[in-house]
Structures are given as structure tokens and as C-alpha cells.
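Number 235 in our numbering belongs to position 98 of the sequence shown; there are no gaps in the numbering.
Beneath this line is the structure, given in C-alpha cells, with notes to follow.
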Amino acid sequence: MQHPESNIYSGGPSDSSKFPIAQKLEANGGNGGKEWDDGADHEGISQVYIREGCEGIESIKFDYVKNGQPKAGPIHCGSASDHKFTECYDLNHTIDEHIVSIKCYYDEGVIQGFVIKTNIRTSALMGYNIGRTTAFQLEVKGKKIIGFHGSSDKNLHSLGAYFAPLSRSNLEY
């Protein structure tokens with residue numbers, strides 16, 4: 138549910154009182170594709186999967202943490218018949234590892250790759266950054282990513298995120 142004064146959301150149609158108010162950062166990247174939204178009714182992310190293609194990222198999938206347990210998220214983009222992922226990034230939610238930012242690269246309207254920064258480490262480039270790509274960063278200081286939204290068809294065109302406040306013990310990253 139969106140609050141009328143801004144891009145602040147409660148978790149979603151389920152019991153949103155369990156989840157903090159989330160801030161929605163609008164999707165960036167290219168235009169086109171069908172919009173999708175995984176929502177903000179999660180505590181964090183447990184895994185990120187991508188499938189690379191010749192035009193950029195073809196498929197992306199986020200697994201979430203909900204009520205302390207991993208929860209599989211939907212697959213976005215690509216062919217419905219082929220969802221073999223080429224890269225996976227695991228987060229250790231048992232020690233409260235969480236994503237604090239994602240730097241994305243896009244060209245010709247398609248997300249080419251990204252780098253994930255957590256409160257513990259930074260990933261290698263997932264996908265690629267070749268040629269004249271444009272970069273953008275999904276980050277809100279003092280907050281963590283708890284959900285994603287974007288647009289896609291046969292490729293990932295745009296990516297945005299939902300952010301929630303960090304607990305006091307995690308304010309330093």
C-alpha cells in the first residue's frame with residue numbers, strides 16, 4: 138500500500154505490521170518490457186540469480202527472507218522454457234548479511250550487469266560492463282534492500298528496489 142505523501146510503502150497485502158515501512162526507489166535503466174514487482178514484504182534477500190545473454194541480462198531471480206526463512210521469488214525475463222542461471226550470489230541471512238547497494242550498468246535499454254554491495258562484502262561483476270554503458274546505483278544510506286521491482290521482456294530493462302531501515306546494530310557498513 139502506497140502512502141499518499143511519498144514513495145513509502147507498507148509491506149503488502151499480507152500482515153504488513155510485521156514489516157517496516159519501505160522506501161521505494163524508482164526503477165532505472167532502459168524503457169520497455171512488462172513491469173513486475175516482488176513487493177516489500179520481506180526481511181531481506183538470500184540469493185540473486187542471473188542468466189546472461191548476448192544482449193545483456195536475460196533472466197533474474199531474487200530469493201527472499203520472510204519470517205526468518207528463505208522464500209523463493211519469481212523468475213523475471215527470458216524464455217519460459219529455459220531458466221538455467223549462469224551466476225548466483227548467496228547472502229548469509231543467518232548472520233544478517235544484507236544488500237546495501239547495487240551498482241547497475243545498462244546499454245541500449247538493457248541491463249548488462251551489476252555489482253552487489255552488502256554490509257560484509259562486495260560481489261564481483263555479475264553479467265558484464267562492455268562498451269558505452271551507463272551506470273546507476275540503487276542505494277539509500279542507512280537502509281537495506283528488502284525487495285525489487287523493474288521491467289523486462291526477453292531481457293531485463295530496468296531495476297528498482299525497496300529499502301527498509303537497518304537495525305541499530307547494522308548502521309555501520
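Where is the CB? At the ideal position from N, CA and C, for every residue including glycine.
Next on the checklist: Going by C-alpha to C-alpha distance, which of Lys198, Ile283, Gly170 and Glu245 sits closest to Arg269?
Outcome noted: Glu245
Next on the checklist: Relative to the C-alpha of Thr231, which candidate in Phe251, Met263, Glu180 and Tyr242 has its C-alpha closest?
Outcome noted: Glu180
Checklist entry - Is Leu262 closer than 8 Å to Ile197 when the C-beta atoms are compared? => result no
Checklist entry - Looking at the structure shown, is Ser304 part of a helix, part of a strand, or coil, going by DSSP? => result coil
Item to check | DSSP three-state assignment for Ile232, whether helix, strand or coil | outcome: helix
Checklist entry - Going by beta carbon distance, what residues of the same chain come within less than 7 Å of Glu192, once the five residues before and after it are set aside? => result Val247 and Asn292
Checklist entry - Among all the DSSP beta bridges, which residues are the ones paired with Gly181? => result Val202
Next on the checklist: Which of the three DSSP states is assigned to His140 in this structure?
Outcome noted: Note that His140 scores a pLDDT of 37, beneath 50, so its modelled location is shaky; the value from the coordinates is reported in the next line. It is coil, neither helix nor strand.
Item to check | Same chain, Cβ closer than 8 Å to Lys203, five either side skipped, listed in chain order | outcome: Asp178, His179 and Glu180
Item to check | Member of Leu275, Asp290 and Glu195 whose CA lies at the smallest distance from the CA of Leu296 | outcome: Leu275
Checklist entry - For Gln249, does the count of other Cβ atoms within 10 angstroms reach 16, so buried, or fall short, so exposed? => result buried
Checklist entry - Should Val277 and Thr255 be called a contact, given that it needs their Cβ atoms to be closer than 8 Å? => result no
Checklist entry - With DSSP run on the structure shown, which of helix, strand or coil describes Gly170? => result coil
Item to check | Contact under 8 Å by Cβ, Tyr242 with Phe251 | outcome: yes
Next on the checklist: I need the straight-line Cα distance from Glu189 to His213, nearest angstrom please.
Outcome noted: 13 Å
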